[in-house]
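Trainee: The letter at position 31 of the sequence shown is residue 31 when you use this note's numbering, and the numbering goes up by one with no holes.
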Amino acid sequence: MYPISAGAASIYVYVDSQGNRLITNAPRSAGGGYKLVKSYNADDNFGDPNRGGFTRKGLKARASEYDKLIVKKARQLGLEPALLKAIIHIESAFNPVALSPKGAKGLMQLMPATAARYGVTDRSNPEQSLDGGGRYMRDLLSMFKQDTRLALAAYNAGENAVTRYQGIPPYQETQNYVRLVIQMRDIYRKKMVGV
Numbered sequence: 001m002y003p004i005s006a007g008a009a010s011i012y013v014y015v016d017s018q019g020n021r022l023i024t025n026a027p028r029s030a031g032g033g034y035k036l037v038k039s040y041n042a043d044d045n046f047g048d049p050n051r052g053g054f055t056r057k058g059l060k061a062r063a064s065e066y067d068k069l070i071v072k073k074a075r076q077l078g079l080e081p082a083l084l085k086a087i088i089h090i091e092s093a094f095n096p097v098a099l100s101p102k103g104a105k106g107l108m109q110l111m112p113a114t115a116a117r118y119g120v121t122d123r124s125n126p127e128q129s130l131d132g133g134g135r136y137m138r139d140l141l142s143m144f145k146q147d148t149r150l151a152l153a154a155y156n157a158g159e160n161a162v163t164r165y166q167g168i169p170p171y172q173e174t175q176n177y178v179r180l181v182i183q184m185r186d187i188y189r190k191k192m193v194g195v
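Following this line, the structure appears as structure tokens:
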């Protein structure tokens, strides 16, 4: 194993107004057109070469690591496996200990209140995160009459924002989120054929 030294930098993921991502080990000051969407601490071993780090190959390896669990939970909850996998891809890049600047944590990036609402006691536990996040997504789909785009917007911005705007809120982050999850869902639909 190649441990990360105590002095290793954190990784920051920023998005600009066009949805372009910037991944860096240097935090950016406010402004400049980029908004911080995720950060990963050096001590979470996400950059560990044995886990594939931030490479495309590493992401693919982490993604396939959870396929059986994703399919199992999706079937239990009556959800599409490709949708759950796409949410995880965009939310945490398949990092079970991912922590957002706003306090969301785990594969499904559950906030503490949402985790408590669904009985999740360890947001870093992949099975608990998938169960809580999956049940939340199922409830959002029900709330928004099976409209996947509105349910995804609510997953990102909260159901109150979607209700207030009577549609996808005019937040660039939420609009990008919905677009990216739908794109990934469509990709995973093709890759998960027969699942």
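Note that beta-carbon positions come from the ideal geometry of N, C-alpha and C, so glycine has one too.
Express the C-alpha separation of L130 and A63 in angstroms, rounding to a whole number.
Mentor: Position 63 of the sequence shown holds residue 63. Position 130 of the sequence shown holds residue 130. Their Cα atoms are separated by approximately 13 Å.
Trainee: Under a three-way DSSP split, which group does D16 fall into?
Mentor: Along the sequence shown, one-based indexing puts residue 16 at 16. Of the three classes helix, strand and coil, the one that applies to D16 here is strand, per DSSP.
Trainee: Determine the DSSP secondary structure at K60, reduced to helix, strand or coil.
Mentor: In the sequence shown, the residue the question calls residue 60 occupies position 60. In this structure, K60 counts as helix in the three-state DSSP scheme.
Trainee: Going by beta carbon distance, what residues of the same chain come within less than 6 Å of A228, once the five residues before and after it are set aside?
Mentor: Outside the displayed span of the chain (1 to 195) sits residue 228, for which this structure offers no information.
Trainee: Sort out for me which residues DSSP pairs K85 with in a bridge.
Mentor: Working through the sequence shown from its first residue, we reach residue 85 at position 85. Answer by DSSP bridge pairing: none, since K85 is not bridged.
Trainee: Quick one: Cα of Y177 to Cα of A153, how far?
Mentor: The sequence position of residue 177 within the sequence shown is 177, counting from 1. The sequence position of residue 153 within the sequence shown is 153, counting from 1. C-alpha separation (whole angstroms): 8 Å.
Trainee: Spatial neighbours of R123 within its chain, please: CB distance less than 7 Å, with the 5 preceding and 5 following residues excluded, ordered by chain position.
Mentor: As a working note, residue 123 is residue 123 in the sequence shown. Same-chain partners within the cutoff: K105, G106, L110, A115, S129.
Trainee: Is M137 near Y155, with beta carbons less than 8 Å apart?
Mentor: Position 137 of the sequence shown holds residue 137. Position 155 of the sequence shown holds residue 155. Taking 8 Å as the Cβ cut-off, M137 and Y155 qualify as a contacting pair.
Trainee: Excluding the 5 residues preceding and the 5 following Q172 in the sequence, name in chain order all residues of the same chain whose CB lies nearer than 7 Å to its CB.
Mentor: Position 172 of the sequence shown, counted from the start, is the residue given in the question as residue 172. Here the set comprises S17.
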